[in-house]
Every structure is written in C-alpha cells, then in structure tokens.
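Residue numbers (mature numbering (1 follows the signal peptide of the UniProt record, and there is no 0)): -16 to -1, 1 to 492. See structure below.
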C-alpha cells in the first residue's frame, strides 16, 4: 500500500468537507489529507458503476432508486478495499464518501474516494463541558497526579551535562554537583559527587515556615487549591498546567543556595510529563534566567491517569485510490503484484538470516563480517546497475575523461604555425611560446620534438612530445601551470618498436 501526502487543494478538495482551516496549521508537517493507493484493483465497469451511483446520489434519493444495484456495487468496492488494507469498514460506507474523482498517475487511471468529514464546530460543541465540570476535573487530576508521583519517593534521578551533573530526589530537592570520573572504586552510576568542588542546591522540598516537608499531605491540600495556586509554589505542591492539549504537573521549588550574582536563593521549576513505555528520567534541565532553572522529568507514572496522557496523533483523512484496469488486464496485474510481494518477502527473510548469522559470529568470534551497505534498495559497490560488458567511465574529478588533439603548433627544425592558427587555438603570447619551445628543445637533447594543443577534461593543455630513440627507461615529463616538471608513466603498445616519447605539458 502506497501513501502520498496531499494539501486540501489536491483533487479539488475545497469541496471535500466542511473541515475548518486554521492559519496556524502547518499543512506540510501535518497535512489534512492522505492519498492511499490500494493494493487491490477494480475493473472499468465497476468504476463506471461507482461513478454512476455517486452521480445519482447527488441528484437526490428519489432518482437513485432507478439503479439500486449501483449503490450495492459501490458498497462492495469500498468495503473490499478497506478490508484488503486492514482498515475498519463502516456500517454505512456510502455515507462516509462525499464524492468520487478520476485521477491519472504515471499513465494509469485511479478511482479516488473523497471522504466526508464531520463538521469540526459541531464536534467541538458536542464535546464541550461546562466550566464547573472542567474545574472539578482539574482538581481531580491534580489530586490523582500527586498520588501517582508519591510512588517516586525514595528514588533519585540523575542527569549528566558536561562538567556538571544534576540529581533529583523526590521529597528532597534538586542538586548541582561535579561528578568524579569513573574508575577504580568509582561507579559510573549513580554518579559520585566530587567533594573538592562546591555543589549547589537548586531547590528543595520544605515548608516555608518550619521547614517541614509537605509532600506527604500534598494530596489533601491539592483538593482545595485548584482555584488558588500561587501559595503552593514555595512548598513544592504539584500544580496542573496545560499547554495546548498536553497536561502536566509542575512543582516550583525554592530554598536553593544563594546566588552570587542576584543575592537571591536559587529556584527551580520541575515539570512532570507523561511518557509511556519508558523509565523515569530527567529529559531536560536548563538555566532559564540567572539562577532560575527548569527541569523536565518524563515519567510513566502519570500515564495511569487519562488526563495526563499525551494527545493522540492527528492522522490525516484518507483519500482512497484504487487502480482501474480493463477486466482482461487484471489477472496479469495481480500476478505481477504477487511476484513483487514474494520478492520483498525473500529479501526480508535474507536480511533476517544475515542478522542472525551476525549475532552468532559476534558471540563466537567477537567480530561481525563486513558487508556492503544498502541505501534505498541499492547495494553500494555491487555494480549491479552497470550492464555486463560495460564499465562506468571515471569522472573528471578522479582524473578520468577523454582527451582530444586540436592542433600541432611547433616542431623541431624551426617550424611554427601561423599567427592566425595560434590565436585560434588560444595561444596569444608569442614570447611564452618561445620560452616553452626552448624548454622542450633543451629537454629533447637533439631528438625530434613537437608542440601540440590538446583538449582535456581540465581544459586546454600545451603538450610537448619528445620522440626518444627507443629507450625503455624514457619517461614522459609534464609541466603544469606552475612551470614545474612532473613525471607521468605513459606508454603505448608500440613503444618497444617505435621508441618511447617524453611529454612536456603546459596548461593554457
């Protein structure tokens, strides 16, 4: 099953529903609609029947009675498609479809069903509760959340952040300290505090008047504090706060070590957020302002109350598209799909087998054999995309590419090309040409030579070629744009018969 993301404008979705648009919605990150390509297929006759039934429905129920089999065919097609995809089948499938649209994708026809979306405003009013009920629910959730957090009593959490480490002990407070490096006699966890470095208390639990801990009776006080929360910040009482659709408990702890910069005690705000399927952990701690801190603790304990569960992911509305083919082409299409599914299953089985073998080798030898990486179903370095008998030409960046001879502009014996020909090939300075001729002539040491202009992937080069007398030890010499000579081991198949050549290069 394939998925494509679509904006509301896709497939004339402006008429698809009464779903209200919000300017704050990020349509790219959270699209309102999703195009689902079904694995099944329908015939052209069934597609025509579905379109006919939809057209009759739009003209009124009285006219739809002229073809009762059309609605039945429409329900069957839509129900089979949902069952094949493992999606729930509605009791009245026709009522869930607003319209049908024809779509062409990669020269193939699809019949797409546009869903009917309930009125968002009506759903909002239906689920709206009174302010009194909402206040009671907040008080209940706060009291319940406090009771769930009490199970953390006696446990400490730790957070590593460079030089400093942090600890949160429920019912005690938050501390900042330097950890001793793990080693002989020093465990990695829990971290051991370095007593030679000053530690700081960022906040602690305690009564503002007598220092008496209030976490034990916090649940009783929370029942009557849903409307007045300001007095609980210094005592460490949990407060329920809401951000968007997320609810979490907040404890504001004071009484920390006096800050040298402000002269006031350090304070920390601890936020407890529901995070299912994981252990308690400090997710974040940061200094929001000078000596004022924020700590976020993810805990599964709050998830035992539905009020703190994270909001469910808002899934886009499905636009279901089914391939439409002639009846004669459907068997071959389904056979090809089945073959593709079998190949994918075989690939997954092979991958699982390799992972099992790797685990066995790791246990027996402590090593895992190296394999080529697969990126996007392409095995890197396998050369499977190159047909047999062919070879990928090396790119210019690695010194590959073809060279083209343009012209010979000078030879031994004093011959030099005409001025017009020199300008045509890009040689504009006769003085530079004379200097290069002298260098090549000196290097030739009496042998024949010639100057050629060659087009290379790097640009034009002025290349001096010296015809040696058949020495196998002769090498080709090249001179780049800097004027330095370089040796290139170049040879030809007939080098032993005709003699080797020395090449002198100068980039134009």
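A virtual CB, placed ideally from N, CA and C, is assigned to each residue, including glycine. This one's a predicted model, so the numbers in the text were calculated from it and none came from an experiment.
When the Cβ atoms of the segment 120 to 133 are set against those of the segment 239 to 254, are three or more pairs found closer than 8 angstroms? no
Using a threshold of 8 angstroms, state whether the C-beta atoms of residue 285 and residue 133 are closer than that. Counting from 1 along the chain shown, the entry for residue 285 is found at position 301. Counting from 1 along the chain shown, the entry for residue 133 is found at position 149. Closer than 8 angstroms, so yes.
Where do the ends of the beta strand (DSSP E) carrying residue 87 lie? Here residue 87 refers to the residue found at position 103 of the chain shown. Element bounds for residue 87: 81 to 89.
Going straight from the alpha carbon of residue 386 to that of residue 304, what length do you get? Within the chain shown, numbered from 1, the residue matching residue 386 stands at position 402. Within the chain shown, numbered from 1, the residue matching residue 304 stands at position 320. Cα-Cα distance, rounded: 52 angstroms.
Considering only their Cβ atoms, is the gap separating residue 162 from residue 149 smaller than 8 angstroms? Your numbering for residue 149 matches position 165 in the chain shown. Your numbering for residue 162 matches position 178 in the chain shown. Closer than 8 angstroms, so yes.
Could you give the distance in angstroms between the alpha-carbon of residue 32 and the alpha-carbon of residue 82? By one-based count along the chain shown, residue 32 stands at place 48. By one-based count along the chain shown, residue 82 stands at place 98. Cα to Cα, residue 32 sits roughly 17 angstroms from residue 82.
Rounded to whole angstroms, what's the CA-CA distance from residue 430 to residue 441? Just pull it up for me. Position 446 of the chain shown, counting from 1, holds the residue named residue 430. Position 457 of the chain shown, counting from 1, holds the residue named residue 441. If you take the alpha carbons of residue 430 and residue 441, they lie about 32 angstroms apart.
Which word fits residue 452, buried or exposed, when buried means at least 16 other C-beta atoms lie within 10 angstroms of its C-beta? Locating residue 452 in the chain shown gives position 468, counting from the first residue. Buried.
What number of angstroms, rounded off, separates the C-alpha of residue 166 from the C-alpha of residue 283? In the chain shown, the residue the question calls residue 166 occupies position 182. In the chain shown, the residue the question calls residue 283 occupies position 299. If I take the Cα positions, the gap works out to 27 angstroms.
Helix or strand or just coil, what does DSSP make of residue 358? Residue numbering aside, residue 358 sits at position 374 when the chain shown is read from its first letter. Reduced to three states, the DSSP call for residue 358 is strand.
So, at 7 angstroms on beta carbons, what are the nonlocal neighbours of residue 35 in its own chain, with the 5 sequence-adjacent residues on each side left out? What you label residue 35 is simply residue 51 of the chain shown in a count that begins at 1. So the list reads 84, once near-sequence residues are dropped.
Compute the distance between the beta-carbons of residue 447 and residue 439, then report whether it is under 8 angstroms. Taking the first residue of the chain shown as position 1, residue 447 is located at position 463. Taking the first residue of the chain shown as position 1, residue 439 is located at position 455. No. Outside cutoff.
Measuring alpha carbon to alpha carbon, tell me which residue in 176, 136, 173, 146 is nearest residue 157. Mapped onto the chain shown, residue 157 falls at position 173. Checked all of 176, 136, 173, 146; the closest Cα to residue 157 is 136.
State the Cα-Cα distance for the pair residue 449 and residue 401, rounded to the nearest angstrom. Looking up residue 449 in the chain shown gives position 465. Looking up residue 401 in the chain shown gives position 417. The straight-line gap from Cα to Cα measures roughly 16 angstroms.
Helix, strand or coil for residue 287, going by three-state DSSP, please let me know. Taking the first residue of the chain shown as 1, we reach residue 287 at position 303. Residue state, collapsed to three classes: helix.
At which residue ranges does the segment 256 to 330 contain complete beta strand (DSSP E) runs of 3 or more residues, listed in the order of the chain? 265 to 273, 276 to 283, 301 to 309
Helix, strand or coil at residue 405 according to DSSP, with G and I counted as helix: As a position in the chain shown, residue 405 is number 421, starting the count at 1. Helix at residue 405.
Length of the line joining the Cα atoms of residue 198 and residue 263: Within the chain shown, residue 198 is the residue found at index 214, counting from 1. Within the chain shown, residue 263 is the residue found at index 279, counting from 1. With a pLDDT of only 41 at residue 198, under the threshold of 50, the placement of this residue in the model should not be trusted; the figure read from the coordinates follows. Cα-Cα distance, rounded: 25 angstroms.
Simplified DSSP state of residue 96, which is helix, strand or coil: Walking along the chain shown from the start, residue 96 turns up at place 112. Reduced to three states, the DSSP call for residue 96 is strand.
I need the DSSP call for residue 181, collapsed to helix, strand or coil. As a first step, residue 181 is located in the chain shown; it is residue number 197 there, counting from the start. It is coil, neither helix nor strand.
Here's the rule I'm using: 16 or more other beta-carbon atoms within 10 Å means buried, otherwise exposed. How should residue 279 be labelled? Residue mapping note: residue 279 aligns to position 295 of the chain shown, counting from 1. Flag for residue 279 reads buried.
Three-state secondary structure (DSSP) at residue 424? The residue given as residue 424 occupies position 440 in the chain shown. Note: residue 424 maps to helix in three-state DSSP.
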